[in-house]
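Read in UniProt numbering, the sequence shown has 286 at position 286, and its numbers run on one by one without any break.
Structure first, commentary second.
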Amino acid sequence: MRRWRHHDHTSVVPAQDSKPVLKWVCSRPRLVERQVADETNALELLKSVGFTDELLNAPVASLSGGWRMKLSLVVAALMDADILLLDEPTNHLDKKSIEWLVAYLTTTRACCMIVSHDTAFLDAVCTDIIHYESKKLVRYRGNLSEFVAKVPAAAAYYRLEESSTRYAFPAPGRLEGINSTTKAILKLDGATFTWPGRDQPTLVDASCKLTLGSRVVVLGQNGAGKSTLIKLVVGENGPDNGECLWRHHNLRIAYVAQHSFHHIEQHLDRSPCEYLQWRFGKYIDEEQLQTKLVELKRQQAQEDPDREPPRPLPHSFEKIMGRREKGGVVEYEVKWWDRAEKHNLHIDKDRLERTGHAEEVLKYDMLVAARAAGLDLINVTVKELQAHLDEFGLPQEYGTYGKVRGLSGGQKVKLVLAAAMWNRPHLLILDEPTNFLDRDSLGALSNAIRDFGGGVVMISHAEEFYKPLCSEQWLVEAGKLTCDGEAEDKKLKIGKKKREAKVKEEVKTTGSINEEVKYQNPKDFWGKNLSKKDIRTWAKKVAKRDYPAMRKLLGVPKGKTMPGMPELGDGLS
Numbered sequence: 001m002r003r004w005r006h007h008d009h010t011s012v013v014p015a016q017d018s019k020p021v022l023k024w025v026c027s028r029p030r031l032v033e034r035q036v037a038d039e040t041n042a043l044e045l046l047k048s049v050g051f052t053d054e055l056l057n058a059p060v061a062s063l064s065g066g067w068r069m070k071l072s073l074v075v076a077a078l079m080d081a082d083i084l085l086l087d088e089p090t091n092h093l094d095k096k097s098i099e100w101l102v103a104y105l106t107t108t109r110a111c112c113m114i115v116s117h118d119t120a121f122l123d124a125v126c127t128d129i130i131h132y133e134s135k136k137l138v139r140y141r142g143n144l145s146e147f148v149a150k151v152p153a154a155a156a157y158y159r160l161e162e163s164s165t166r167y168a169f170p171a172p173g174r175l176e177g178i179n180s181t182t183k184a185i186l187k188l189d190g191a192t193f194t195w196p197g198r199d200q201p202t203l204v205d206a207s208c209k210l211t212l213g214s215r216v217v218v219l220g221q222n223g224a225g226k227s228t229l230i231k232l233v234v235g236e237n238g239p240d241n242g243e244c245l246w247r248h249h250n251l252r253i254a255y256v257a258q259h260s261f262h263h264i265e266q267h268l269d270r271s272p273c274e275y276l277q278w279r280f281g282k283y284i285d286e287e288q289l290q291t292k293l294v295e296l297k298r299q300q301a302q303e304d305p306d307r308e309p310p311r312p313l314p315h316s317f318e319k320i321m322g323r324r325e326k327g328g329v330v331e332y333e334v335k336w337w338d339r340a341e342k343h344n345l346h347i348d349k350d351r352l353e354r355t356g357h358a359e360e361v362l363k364y365d366m367l368v369a370a371r372a373a374g375l376d377l378i379n380v381t382v383k384e385l386q387a388h389l390d391e392f393g394l395p396q397e398y399g400t401y402g403k404v405r406g407l408s409g410g411q412k413v414k415l416v417l418a419a420a421m422w423n424r425p426h427l428l429i430l431d432e433p434t435n436f437l438d439r440d441s442l443g444a445l446s447n448a449i450r451d452f453g454g455g456v457v458m459i460s461h462a463e464e465f466y467k468p469l470c471s472e473q474w475l476v477e478a479g480k481l482t483c484d485g486e487a488e489d490k491k492l493k494i495g496k497k498k499r500e501a502k503v504k505e506e507v508k509t510t511g512s513i514n515e516e517v518k519y520q521n522p523k524d525f526w527g528k529n530l531s532k533k534d535i536r537t538w539a540k541k542v543a544k545r546d547y548p549a550m551r552k553l554l555g556v557p558k559g560k561t562m563p564g565m566p567e568l569g570d571g572l573s
């Protein structure tokens with residue numbers, strides 16, 4: 001008896017294989033062993049699912065998630081197996097590909113056992129439903145609709161809004177100068193991008209805008225360039241034609257990528273709480289920092305050697321002390337080696353980056369973003385982290401005492417979501433968010449997105465999921481981006497009521513970009529760090545502008561003024 005087991009495309013199709021698609025298929029050991037690795041049959045089947053001559057000769061590593069899923073299904077079909085075990089086979093597939101899969105499964109002579117949360121797909125292919133009830137497997141004849149007719153309590157499978165599970169996304173907080181949900185927080189203007197090794201660009205002249213009220217779905221066939229567009233928006237990839245991306249200098253973005261699992265796969269022997277401690281223990285997102293540093297080095301390697309060199313810095317750079325916005329330009333206060341702080345100068349971002357200090361600028365920006373989110377005031381303890389995981393349906397049994405390697409696919413998605421939302425982002429970007437989530441979790445995610453106070457962009461082929469949520473559609477087709485719809489103009493929401501007081505306090509505390517640096521994490525008059533308890537008290541006193549109490553916390557002697565804070569006075573008047 002021949003059996004084919006399909007987990008997900010990443011377990012069958014390696015992400016780093018450089019073989020061309022056709023050669024890769026024909027060299028599969030199990031196909032060769034069973035003498036079914038016929039190139040003619042493989043070519044015919046690959047073309048039937050949409051593989052062009054260009055894709056057939058492209059390296060496997062260059063394929064998008066949807067094409068990798070198709071490739072693994074083609075291998076399964078070539079096996080001519082007696083039993084097909086399919087785990088979430090519609091993940092990453094566009095509408096046409098799902099239609100092909102339905103046609104194949106309904107005509108194959110093989111027995112198929114399928115795990116899926118796609119209701120339309122189950123209705124189209126299933127002849128029997130096996131339902132888990134009271135620790136037993138109960139078999140029902142018919143497809144999902146017929147099963148629901150026999151078990152009315154299961155009708156919730158068709159209605160996401162009836163989910164009994166709840167996710168709680170944290171409040172994003174305010175952005176300086178953004179007083180409307182329709183005001184731009186990010187713009188992409190005329191960007192073109194070509195993948196290395198490709199002759200033709202994947203995207204040409206792409207332009208879009210995002211706001212705090214954005215609810216965007218990105219549509220297009222597999223391989224059209226949807227994920228490429230998202231990577232341009234978040235800054236993971238740089239466009240071919242220079243600076244096309246603008247975003248608010250304090251904008252925090254959470255990006256849950258199509259292949260996000262590969263991050264947590266490096267932490268299999270840690271508990272979810274231990275993973276979050278590693279990632280956020282120093283306030284800055286360590287994982288995001290490493291990703292951005294890789295992209296930074298790539299961009300530096302591609303910089304135009306003929307570009308006019310920048311004006312050199314006047315002294316030897318030591319560190320960045322602060323940041324401000326002046327005339328629409330972000331400038332950084334630079335401390336020089338062997339010079340007192342009174343000699344500090346404000347240098348614009350472009351000049352600093354081009355004189356070899358791009359990494360320091362990146363780290364400082366991430367530090368300011370972490371402070372603005374209040375992460376420096378949160379103890380990254382197991383108790384705090386588990387409370388956060390509870391908001392995403394990952395209880396203590398798994399979050400504190402379990403290991404990442406023991407989590408199911410759906411639980412890993414919950415962990416990835418929880419990690420992405422730890423820094424209280426203003427913009428949430430989801431690439432195929434419905435993959436691996438059960439119906440209850442899909443409903444919870446849908447409700448959380450609806451209530452979220454920031455902007456949301458998603459790539460999804462699940463119409464029942466995105467249609468009730470998204471007022472804007474971005475279509476990627478033949479390298480072009482077409483945007484349709486607008487963000488809703490609604491009252492700014494900053495999240496759950498239980499967090500509103502804290503957010504308002506932080507808004508008052510941080511104030512302008514200059515106060516953000518001046519008032520957060522101060523040292524006392526003698527240069528010593530405040531305790532965590534005093535920092536929390538400090539934030540409250542700053543919010544009230546209680547200058548005498550602020551002087552007392554900093555230990556400023558009577559008759560003296562605090563350097564950099566003349567508003568605190570001398571304590572005599």
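A virtual CB, placed ideally from N, CA and C, is assigned to each residue, including glycine.
This structure is a prediction, so every number in the text was calculated from the model and none was measured.
| Check | Outcome |
| --- | --- |
| What does the Cβ neighbour count give for residue 239, buried or exposed, with the cut at 16 atoms within 10 Å? | buried |
| Enumerate in chain order the residues of its own chain whose CB-to-CB distance from residue 384 is below 7 Å, with the five nearest sequence positions on each side excluded. | 378 |
| With a cut-off of 8 Å, do at least 3 Cβ pairs link the stretch 116-128 to the stretch 431-444? | yes |
| Any idea if residue 137 is buried or exposed, counting beta-carbon neighbours within 10 angstroms, 16 or more meaning buried? | exposed |
| Shortest alpha-carbon distance to residue 529 belongs to which of 83, 195, 555, 344? | 555 |
| Taking buried to mean at least 16 other C-beta atoms within 10 Å of its own C-beta, is residue 290 buried or exposed? | exposed |
| Would you kindly work out how many angstroms separate the C-alpha atoms of residue 144 and residue 406, rounded to a whole number? | 29 Å |
| Using the Cα positions of residue 514 and residue 332, report the straight-line distance between them to the nearest angstrom. | Low confidence applies to residue 514: its pLDDT is 47, below 50, so where it sits in the model is not reliable, and the reading given next is rough at best. Approximately 10 Å between the Cα atoms of the pair. |
| With distances taken Cα to Cα, identify the nearest neighbour of residue 245 among 154, 252, 234, 319. | 234 |
| I'd like to confirm the pairing. Which residues does DSSP put opposite residue 254 in its beta bridges? | 428 |
| So with Cβ pairs under 8 Å, would you call residue 297 a contact of chain B? | In the structure shown, chain B does not exist; there is a single protein chain. |
| Only counting the same chain, and skipping five residues up and downstream in sequence, which positions put a Cβ closer than 8 Å to that of residue 403? | 268, 269, 270, 271 |
| Counting C-beta neighbours from all protein chains within 10 Å, is the total for residue 453 16 or more, i.e. buried, or is it exposed? | buried |
| Classify residue 179: buried if its beta carbon has 16 or more other beta carbons within 10 angstroms, exposed otherwise. | exposed |
| If you draw a straight line from the alpha carbon of residue 200 to that of residue 340, how long is it in whole angstroms? | 53 Å |
| Taking the beta strand (DSSP E) that residue 455 belongs to, which residues open and close that run? | 455-459 |
| Going by other Cβ atoms of all chains shown within 10 Å of its Cβ, with 16 needed for buried, is residue 572 buried or exposed? | exposed |
| Could you please give me the residues that DSSP links to residue 193 through a beta bridge? | 203 |
| Using only CA atoms, which one of 89, 83, 58, 84 lies nearest to residue 70? | 89 |
| Pull up the DSSP beta-bridge partners for residue 239, would you. | Answer by DSSP bridge pairing: none, since residue 239 is not bridged. |
| Alpha carbon to alpha carbon, how far is residue 557 from residue 523? | 14 Å |
| Hey, would you say residue 60 sits closer than 8 Å to residue 32, going by beta carbons? | no |
| Is it true that the stretch 342-356 meets the stretch 298-313, where meeting means three or more beta-carbon pairs spaced less than 8 Å apart? | yes |
| Assign residue 103 to one of two classes, buried (16 or more other C-beta atoms within 10 Å of its C-beta) or exposed (fewer than that). | exposed |
| Would you call residue 54 buried or exposed, if buried means 16 or more other Cβ atoms sit within 10 Å of its Cβ? | exposed |
| On a CA-only basis, which of 74, 394, 218 is nearest residue 460? Give me that one, please. | 218 |
| Quick check: the Cα distance between residue 294 and residue 148, rounded to an integer number of angstroms? | 50 Å |
| What's the gap between the Cα of residue 338 and the Cα of residue 300? | 29 Å |
| Report yes if the CB atom of residue 160 is closer than 8 Å to the CB atom of residue 471, and no otherwise. | no |
| Indicate the three-state DSSP secondary structure (helix, strand or coil) for residue 386 in the structure shown. | helix |
| Suppose the cutoff is 6 Å on Cβ atoms and the five residues either side in sequence are ignored; what does the same chain contact list for residue 30 look like? | none |
| Using the three-state DSSP reduction, which class does residue 474 fall into: helix, strand or coil? | strand |
| Count Cβ pairs between the stretch 466-483 and the stretch 74-84 that sit closer than 8 Å; are there 3 or more? | no |
| To the nearest angstrom, how far is it from the Cα of residue 500 to the Cα of residue 223? | Its pLDDT being 40, under 50, residue 500 is placed unreliably by the model, and the measurement read from it follows with that caveat. Taking the straight line from one Cα to the other gives about 42 Å. |
| Nearest to residue 317 by CA position, among 336, 325, 328, is which residue? | 336 |
| What residue from 101, 186, 545 has the CA that sits closest to residue 455's CA? | 186 |
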